């Protein structure tokens, strides 16, 4: 059960992860004229902020499959590989604002949810997502990451070529701040 909750947290922000900051969540600019139906399909994780809580347990080959039903709802199926075994989890999607998606997963009758804000996407090649949750201790947990739609055979090559340098750029908070201001 704990493994599934951890897995849900890993994929909830559509390939985003967790960095802790003091204060409330900042406001970010979502993708203008977001087309929820065009976001449907399979997305492969390319990069994201690191998450110390996942040290040693983070899966590889993370995939999110979005199935849109109607104007503002759908399902998501997430998967990743840990120790050679692919794990899956499914949840519900609800479009709750401009480019803002609520993802809901249910475990033992209890629902866990998070929000994904799509900052930018061309719907064909890439999407950049953001999530933030404010906690009573006065901190917020922010996640940012990118996903893409390259054919599966390109994923390993992409990680080999761009992975290390992209992760370094992804860790540079000034890049993300400039995206928020755009």
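Residue numbers (mature numbering (1 follows the signal peptide of the UniProt record, and there is no 0)): -17 to -1, 1 to 165.
We treat Cβ as the ideally placed atom computed from N, Cα and C, and that holds for glycine.
Note that this is a predicted model, so its numbers are computed, not measured.
Tell me where the beta strand (DSSP E) around residue i begins and ends.
{"i": "residue 85", "result": "83 to 90"}
{"i": "residue 75", "result": "68 to 80"}
{"i": "residue 57", "result": "56 to 65"}
{"i": "residue 5", "result": "2 to 5"}
{"i": "residue 31", "result": "24 to 31"}
Quick one: what does DSSP say residue i is sitting in, helix, strand or coil?
{"i": "residue 118", "result": "coil"}
{"i": "residue -13", "result": "Unreliable positioning characterises residue -13 in this predicted model, as indicated by a pLDDT of 34, which lies under 50. The coordinate reading is nonetheless provided below. Looking at residue -13 - three-state DSSP - the assignment turns out to be helix."}
{"i": "residue 10", "result": "coil"}
{"i": "residue 19", "result": "helix"}
{"i": "residue 108", "result": "coil"}
{"i": "residue 126", "result": "strand"}
{"i": "residue 42", "result": "coil"}
{"i": "residue 35", "result": "Low confidence applies here, because residue 35 scores a pLDDT of 48, under 50, leaving its location unreliable; read the following figure in that light. Residue 35: helix per DSSP, three-state reduction."}
{"i": "residue 53", "result": "coil"}
{"i": "residue 132", "result": "coil"}
Assuming residue i and residue j make a contact with CB atoms under 8 Å, what is their CB distance in whole Å?
{"i": "residue 132", "j": "residue 25", "result": "7 Å"}
{"i": "residue 102", "j": "residue 11", "result": "6 Å"}
{"i": "residue 86", "j": "residue 67", "result": "In fact, because the Cβ distance is near 26 Å, the residues do not count as touching under 8 Å."}
{"i": "residue 123", "j": "residue 115", "result": "5 Å"}
Is the beta carbon of residue i less than 7 Å from the beta carbon of residue j?
{"i": "residue 29", "j": "residue 129", "result": "yes"}
{"i": "residue 99", "j": "residue 84", "result": "yes"}
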